[in-house]
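A.B. asks:
There are 2 protein chains.
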Amino acid sequence: MARRLTPRGEQRRNELIDFATARFAANGYHPTSVADLVDGLGVGKGVFYWYFESKEELFLEILRDGERALRRSQWEGMGDEDDPIARLELGIQASMDWWSSHRDLYVLIEFARTEASFASGIRKGEKVALGDTQKLVQQAMDAGMIPDGNAVVLSQAVLGVSSVLARTQLLGRKRPPVDVAAEVIDFCRHGLGGSSMPARARRSA
Amino acid sequence: MARRLTPRGEQRRNELIDFATARFAANGYHPTSVADLVDGLGVGKGVFYWYFESKEELFLEILRDGERALRRSQWEGMGDEDDPIARLELGIQASMDWWSSHRDLYVLIEFARTEASFASGIRKGEKVALGDTQKLVQQAMDAGMIPDGNAVVLSQAVLGVSSVLARTQLLGRKRPPVDVAAEVIDFCRHGLGGSSMPARARRSA
DNA sequence: AATCGAGTTGACCGCGCAGTCAAGTACGCT
DNA sequence: AGCGTACTTGACTGCGCGGTCAACTCGATT
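Residue numbers (the working numbering), protein chains in the order written: chain A, 774 to 978; chain B, 774 to 978.
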């Protein structure tokens, strides 16, 4: 695209993005037609195609903008802290704050992962997030702050707990981000926290 | 539907379900047309509507069958074990075994959650899974096997770790179910396992 | 051999979709 | 006031979709 926009154009474009984000999240990407979008805003269809090349391009832009904004939020949240575990916790807190004010993006990203045409972009974003997390986990291991283990798997688990509690507790019930972050952090630190008595569940491999 | 089928009909119906499951998972539900399905099997379009009332009904049936089969697998895996933590672990192991041989269902369920028309059914299934897990966690707390805490949140975290590692480790890289289950169990027991030294990350609420 | 119904065919229908475009309007600049 | 361009309109197009149906095949039963 890269069209030059006047302030008025910029505003209209943002209207379209905001409205589309809400409708995609509420009704799904495919069931939401371009006609739904322009009718919902009370404008002609040409407006849409003045600002976006296609419905798909708009969706990709929503995703890209969202991921970029989340990542920036996480970075700002971590500030200049240098303790890796503390950085992890600050990142989790920042994520929860961000998700709580961008609820729609969560649904959109989950959908995007399920369709071939969008999945590749999502995977790229997830690789970045995993890399960031993994680096912190590895640092914590090297510093002897946590026991050695598979940093990749542990990072995925941390991200998974963040993700699922963001969905259920933050977005589902509307619990305060700070509470949810505390629960995520707690679980990531200690799990269920039982004694190390091994259950007899281990099957013969 | 509830049509009576001859063995031949039963087989054709299963062909359709299997093929549709694969295509929906690979290309997405909406982008896969009924014409794609019948052409892919080399049959006429009427065949589809002989066995299913609509594309949507077929999809719902795939979801229902899948959830039912997973749940039954979990129950069988837990057997007559009565230690709640061991039951949890056996359930996790059974889930991993099941997902590893029903990879497509994972993607389908994730998609179904993102669209209003399917989400309600999925939520119901998730409530059941959460209820089962929560009961075990509560029993473990009552027995003093793990510290007291919010059983709902902890159960969601356990399910989240299972889910994310199933996706990334089991389905993504194709690690053996028994290994992935061990990692899930390990993280759920101890988290990252660091000392309880509190990081200074806690923000003023 | 005749019958019957389960299973199959593919042309067809109406609709709503993404996307187009010729014409028009609002607005800043000179 | 006049001009250029950023923006807007909505009728229109072509297409592919989900779904229908009258006609047909095939195999089991009698």
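Note that beta-carbon positions come from the ideal geometry of N, C-alpha and C, so glycine has one too.
None of the values given here were measured: they were computed from a predicted structure.
May I have the straight-line CA-CA distance separating V811 (chain A) from L943 (chain B), to the nearest angstrom?
C.D. replies: On the first sequence, position 38 is the one that residue 811 (chain A) refers to. On the second sequence, position 170 is the one that residue 943 (chain B) refers to. Near 43 Å, if we compare the C-alpha coordinates of L943 (chain B) and V811 (chain A).
A.B. asks: Cβ closer than 8 Å: which chain B residues qualify as neighbours of F884 (chain A)?
C.D. replies: In the first sequence, the residue the question calls residue 884 (chain A) occupies position 111. Within chain B, the residues near F884 (chain A) are F884, T887 and E888.
A.B. asks: Just mark A808 (chain A) as buried or exposed, buried being the case when its beta carbon has 16 or more other beta carbons within 10 Å.
C.D. replies: For the purposes of this step, residue 808 (chain A) is taken as residue 35 along the first sequence, with counting starting at 1. Flag for A808 (chain A) reads exposed.
A.B. asks: Closer than 7 Å by C-beta to S935 (chain B): which residues in its own chain qualify, once you throw out the five before and the five after it? Chain order, please.
C.D. replies: Along the second sequence, one-based indexing puts residue 935 (chain B) at 162. Excluding residues within five positions, the ones whose Cβ falls inside 7 Å are I865, S868 and V957.
A.B. asks: Taking 7 Å as the threshold (beta carbon to beta carbon), is I919 (chain A) in contact with chain B?
C.D. replies: On the first sequence, position 146 is the one that residue 919 (chain A) refers to. Chain B, which has a Cβ nearer than 7 Å to the Cβ of I919 (chain A), makes this yes.
A.B. asks: Does DSSP put M869 (chain A) in a helix, in a strand, or in coil?
C.D. replies: The residue labelled residue 869 (chain A) in the question sits at position 96 within the first sequence. In this structure, M869 (chain A) counts as helix in the three-state DSSP scheme.
A.B. asks: Is the shortest distance between the beta-carbon of T779 (chain A) and the beta-carbons of chain B less than 7 Å?
C.D. replies: Counted from its first residue, the first sequence places residue 779 (chain A) at position 6. Closer than 7 Å: no.
A.B. asks: Enumerate, from N- to C-terminal direction, the unbroken alpha helix (DSSP H) stretches of 4 or more residues contained entirely within the region 888–913 of chain B.
C.D. replies: none
A.B. asks: Looking only at its own chain, which residues have a Cβ that is under 6 Å from the Cβ of K828 (chain A), when we skip the five neighbours before and after it?
C.D. replies: The residue labelled residue 828 (chain A) in the question sits at position 55 within the first sequence. V807.
A.B. asks: Between the region 905–918 of chain B and the region 851–864 of chain B, do three or more beta carbon pairs fall short of 8 Å?
C.D. replies: yes
A.B. asks: With a threshold of 7 Å between beta-carbons, can F825 (chain A) be considered close to chain B, or not?
C.D. replies: Taking the first residue of the first sequence as 1, we reach residue 825 (chain A) at position 52. No, because no Cβ of chain B sits closer than 7 Å to the Cβ of F825 (chain A).
A.B. asks: DSSP on D733 (chain B), reduced to helix/strand/coil?
C.D. replies: Given that chain B is displayed from residue 774 to residue 978, the structure contains no residue 733 (chain B) and the question cannot be resolved.
A.B. asks: Just to confirm before moving on: does the CB-CB distance between Q847 (chain B) and T941 (chain A) stay below 7 Å?
C.D. replies: Position 74 of the second sequence, counted from the first residue, corresponds to residue 847 (chain B). Position 168 of the first sequence, counted from the first residue, corresponds to residue 941 (chain A). In this structure, T941 (chain A) does not lie closer than 7 Å to Q847 (chain B) by Cβ.
A.B. asks: Under 9 Å, CB to CB, which of the residues in the region 787–816 of chain B have a partner in chain A?
C.D. replies: A798, A799, N800, G801, Y802, H803 and P804
A.B. asks: Could you tell me how far apart the beta carbons of G801 (chain A) and A889 (chain B) are, in whole angstroms, since I believe they sit closer than 8 Å?
C.D. replies: Translated into the one-based positions of the first sequence, residue 801 (chain A) becomes position 28. Translated into the one-based positions of the second sequence, residue 889 (chain B) becomes position 116. Rounded, the Cβ-Cβ distance is 7 Å, consistent with contact.
A.B. asks: Say whether chain B places a C-beta atom closer than 7 Å to the C-beta of V901 (chain A).
C.D. replies: Looking up residue 901 (chain A) in the first sequence gives position 128. No, V901 (chain A) does not count as interfacial toward chain B.
A.B. asks: Does the CB of L965 (chain A) have a neighbour CB from chain B at under 7 Å?
C.D. replies: Within the first sequence, numbered from 1, the residue matching residue 965 (chain A) stands at position 192. Contact with chain B is found for L965 (chain A), since one of that chain's Cβ atoms lies less than 7 Å from the residue's Cβ.
A.B. asks: Under the three-state reduction of DSSP, which class applies to N923 (chain A): helix, strand or coil?
C.D. replies: Locating residue 923 (chain A) in the first sequence gives position 150, counting from the first residue. Correct three-state label for N923 (chain A): coil.
A.B. asks: So S936 (chain A) contacts chain B; which residues on that side make the cut at Cβ distance below 8 Å?
C.D. replies: The residue labelled residue 936 (chain A) in the question sits at position 163 within the first sequence. Neighbours of S936 (chain A) on chain B, chain order: G933 and V937.
A.B. asks: Within 10 Å of its beta-carbon, does R776 (chain A) have 16 or more other beta-carbons around it, so buried, or fewer, so exposed?
C.D. replies: The residue labelled residue 776 (chain A) in the question sits at position 3 within the first sequence. Exposed, by the Cβ-count rule.
A.B. asks: Out of B:E854, B:G839, B:F891 and B:R845, which has the shortest C-alpha to C-alpha gap to D877 (chain B)?
C.D. replies: Working through the second sequence from its first residue, we reach residue 877 (chain B) at position 104. Cα-wise, what sits closest to D877 (chain B) is B:G839.
A.B. asks: Name the chain B residues that come within less than 8 Å of Q929 (chain A), Cβ to Cβ?
C.D. replies: Within the first sequence, numbered from 1, the residue matching residue 929 (chain A) stands at position 156. Chain B residues near Q929 (chain A): V937, L938, T941 and Q942.
A.B. asks: With 7 Å set as the bound, which would you pick, yes or no: does the beta-carbon of R776 (chain A) sit closer than that to a beta-carbon of chain B?
C.D. replies: One-based indexing of the first sequence puts residue 776 (chain A) at position 3. No, no contact with chain B.
A.B. asks: Hey, is R962 (chain B)'s beta-carbon within less than 7 Å of any beta-carbon in chain A?
C.D. replies: Here residue 962 (chain B) refers to the residue found at position 189 of the second sequence. Output row for R962 (chain B): interface = yes.
A.B. asks: So the alpha helix (DSSP H) A795 (chain A) belongs to, where does it begin and stop?
C.D. replies: Against the first sequence, residue 795 (chain A) aligns to sequence position 22. P780 to N800 is the span of the alpha helix (DSSP H), which, as asked, contains A795 (chain A).
A.B. asks: Within 10 Å of its beta-carbon, does T794 (chain A) have 16 or more other beta-carbons around it, so buried, or fewer, so exposed?
C.D. replies: The count along the first sequence starts at 1 and reaches residue 794 (chain A) at position 21. The residue is buried, with at least 16 neighbouring Cβ atoms inside 10 Å.
A.B. asks: Could you work out which residues of chain B lie near E714 (chain A), taking near to mean beta carbons separated by less than 8 Å?
C.D. replies: The displayed coordinates of chain A run from 774 to 978. Any statement about residue 714 (chain A) would go beyond what the structure contains.
A.B. asks: Alpha helix (DSSP H) containing Q847 (chain A): first to last residue?
C.D. replies: In the first sequence, counting from the first residue as 1, residue 847 (chain A) sits at position 74. Q847 (chain A) -> alpha helix (DSSP H) spans K828 to M851.
A.B. asks: Determine the direct distance from the alpha carbon of E830 (chain A) to that of R786 (chain A), and round the result to whole angstroms.
C.D. replies: Within the first sequence, residue 786 (chain A) is the residue found at index 13, counting from 1. Within the first sequence, residue 830 (chain A) is the residue found at index 57, counting from 1. Approximately 13 Å, taken between the alpha carbons.
A.B. asks: What are the start and end residues of the alpha helix (DSSP H) that includes P949 (chain A)?
C.D. replies: Here residue 949 (chain A) corresponds to residue number 176 of the first sequence, with the count starting at 1. From DSSP, P949 (chain A) is part of no alpha helix (DSSP H); its letter is neither H nor E.
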